[in-house]
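Have a look at the structure below, then the notes.
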Amino acid sequence: MRELALSLLNFTSLKPILIAKPKSEPEIKKLILCSKKLGLQVRTLSGGHDYEGLSYLSQSPFIIIDLVNLRTIKINLTEETATIKSGATIGELYYKIAKTSKIHGFPGGVCPSVGVGGLLSGGGYGIIMRKHGLASDNIVDARLMDAKGRILDRKSMGEDLFWALRGGGAASFGVVLSWKVKLARVPEKVTCFTSQHAMGPKMNKLVHRWQYIGPELDEELFVRVFINNNQQKGIQRSVRTTFQGMFLGGIDELIPLMNKKFPELGLRAQDCKEMSWIESHLFFIGKFGQPLEIMLDRDQRYENLYFKAKSDYVQKPLPENVFEEITKRFLEEEAPSMSLDPLGGKLNEVSSEETPYPHREGNLFSIQYTVRWKVNEIEEMNKRVRWIRSVYDYMTPYVSGSPRGAYLNYRDLDLGMNKGIKTSFEDAKKWGEMYFRGYNNRRGTRNRVLRREEKRGIHTDLLHLEEKLTDGCGRASKTDVRDGIRTSRQKTHQQLFQSAVD
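For the working numbering, add 2 to where a residue sits in the sequence shown, where the first one is 1.
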């Protein structure tokens, strides 16, 4: 996946002067202080999954601190917690939990190569979130190195900053070295199922019905809808709908529950499989039955694959005609998809003020739209981006508004971007409120923290996350980035940095 994020870089942006892979916290401190001395910005890299590649780019001279060598995970079953260094992936976390306990898990996503740093700091969806909340809801402590090289924990950083880390995006505040999270209790056996159907009038009605059921099901049950096409051309192309589910219990409990709550789906025992909690993640990525060590693969390859994604929140059920229109539009495109993930349950029990992630009670489900392509050409990219923007525009009357909601971990630079470190609050507010909703006393924390740090002489621009791209779909390859940009200014910075480190 790291290859994928690198392939999405904007080739017109500056490339990093240095990509450092520190092996200790003192080395991170040296990198921060040297960057500060030389006026360089810092980008930190956990798993490299930022949808817009912001871990890898800046308009100002910068370095990348790749945390790949700092990924120790310690499980404390007495406390039912895990302490995770920020270079770890969620696959590594799940594997460590599964090797330590059969009755514990964690409410994160299903893509094993996602870094814990990005997942936790941006919210973190998962297939047990309706029972146990978002990944960020389960953070109990964090260790952060600020721009002065000081290491702060929850007590020393204060509750304002700790609040901001739990879903507000951590990149602006410092380098998060490690996280401490609560583990979730899970049964030894869970049940997963997939039910796939061709899209048509009958299926449109079924998806329409799901909107009333999915968010109201028992917390132990997660049923999402995935719409895509078979990627064939011309008359052979068709749109299909897949219902994917996971239940924290056995088949004998699930079938009666589904017959009672969602009989229209017609779920049968033969459609279901019982497995361990960690195996459910292999199931959702299409690798059920394969070795668990797949979860440790950090470098999953997606050759010649490019994508653009957008997100929405739905507060009132979509009319049936919306699914009819989506079907028509999906027949126009080669590789579109749309994921409808039910909310409710534990998410609604947490106040929208308790963490920076605000899309809780009042939202039925979230939507992720994606479009993919393989040809690395500007015309091809523009065609795909125009298509997904048109779908997004079409959905405007049917989704949340004032402001329209968006999910930070599905970052979308179409919504807006910073204009360097001089971006005004009013400019940033236009798109920031889409991720974080209304500005009030608690949601002013992020800005208060940054202003307070500036008054204390801490250069917050050192860690400024510059949201600047064209279409959010760049073209640089991994080799391009590693080679750096060959200009006299860049060479000078490289020489200065080496001198400072030496």
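The beta carbon of each residue, even a glycine, is placed where N, CA and C say it ideally should be.
- The criterion of a C-beta distance shorter than 7 Å is not satisfied by Asn232 and Glu326.
- Excluding sequence positions up to five before and after Lys432, its CB lies within less than 7 Å of the CB of Gly418, all in the same chain and listed in chain order.
- Cys36 carries a helical assignment under DSSP once its states are collapsed to helix, strand and coil.
- Boundaries of the beta strand (DSSP E) around Met277: 274 to 277.
- Secondary structure of Gln238 (DSSP, three-state): helix.
- 7 Å or more divides the Cβ of Leu349 from the Cβ of Arg239.
- Given a length threshold of 3 residues, each whole run of the beta strand (DSSP E) inside the region 36 to 72 is given here in chain order: 43 to 47, 64 to 68.
- For Tyr437, the enclosing alpha helix (DSSP H) starts and ends at 427 to 438.
- A Cβ-Cβ separation of about 11 Å leaves Gly251 out of contact with Glu221 under the 8 Å criterion.
- Cβ-Cβ separation between Thr83 and Leu185: approximately 6 Å, consistent with a contact (criterion under 8 Å).
- When beta bridges are read from the DSSP output, Gly247 appears opposite Phe195, Val225.
- In this structure the region 368 to 382 does not touch the region 15 to 23; the number of beta carbon pairs closer than 8 Å is below three.
- Around the C-beta of Thr372, 16 or more other C-beta atoms lie within 10 Å, and the residue is accordingly described as buried.
- Using a C-beta cut-off of 8 Å, the region 254 to 273 makes no contact with the region 96 to 105, since fewer than three inter-stretch Cβ pairs fall below that distance.
- Its Cα nearest to that of Lys76, the residue Tyr96 stands out among Pro63, Tyr96, Ile215, Asp68.
- In terms of CA proximity to Asp343, Trp212 leads the group Gly160, Ser158, Trp212, Val177.
- Taking Gly117 as the centre and dropping the five residues before and after it, the same chain places the C-beta of Ser48, Gly49, Thr91 closer than 6 Å to its C-beta, in chain order.
- Cβ atoms of Ile66 and Ala22 come within 8 Å of each other, at about 7 Å.
- Spatial neighbours of Val142 in its own chain (CB-CB distance under 7 Å, excluding positions within 5 residues in sequence) are listed in chain order as Thr83, Lys182, Val183, Lys184.
- With 16 or more other CB atoms across the displayed protein chains lying within 10 angstroms of its CB, Tyr412 is buried.
- Pairing Leu146 with Tyr58, the inter-Cα distance amounts to about 21 Å.
- DSSP places Pro405 in no beta strand (DSSP E); its state is neither H nor E.
- In the DSSP assignment, Met205 falls within the unbroken alpha helix (DSSP H) covering 203 to 215.
- In the displayed model, Thr83 falls within a strand according to three-state DSSP.
- Leaving aside the five residues that flank Cys194 on each side, the residues in its chain whose CB is nearer than 6 Å to its CB run, in chain order, Met248, Lys275, Ser282, Phe285.
- Looking only at Arg152, Ser60, Ser158, Ile129, the smallest Cα-Cα distance to Lys32 is reached by Arg152.
- The alpha helix (DSSP H) runs of length 4 or more contained entirely in the region 331 to 399 are, from start to end of the chain, 348 to 351, 380 to 396.
- Here the alpha carbon of Phe309 sits roughly 12 Å from the alpha carbon of His51.
- Asp395 counts as exposed, since fewer than 16 other beta carbons sit within 10 angstroms of its beta carbon.
- Of the candidates Ser62, Asn230, Lys98, Lys98 places its Cα closest to the Cα of Met297.
- Going by DSSP, Asp162 is part of the alpha helix (DSSP H) stretching over 161 to 167.
- Taking Tyr214 as the centre and dropping the five residues before and after it, the same chain places the C-beta of Pro319 closer than 8 Å to its C-beta, in chain order.
- In the same chain as Arg270, and ignoring 5 residues on each side of it, the C-beta atoms closer than 8 Å to its own belong to Ile257, in chain order.
- Note that the C-beta distance between Leu410 and Gly135 is not below 7 Å.
- When DSSP reads this structure, His106 sits in a beta bridge with Arg187.
- Judged by their CB atoms, Ala200 and Arg242 are nearer to each other than the 7 Å cut-off.
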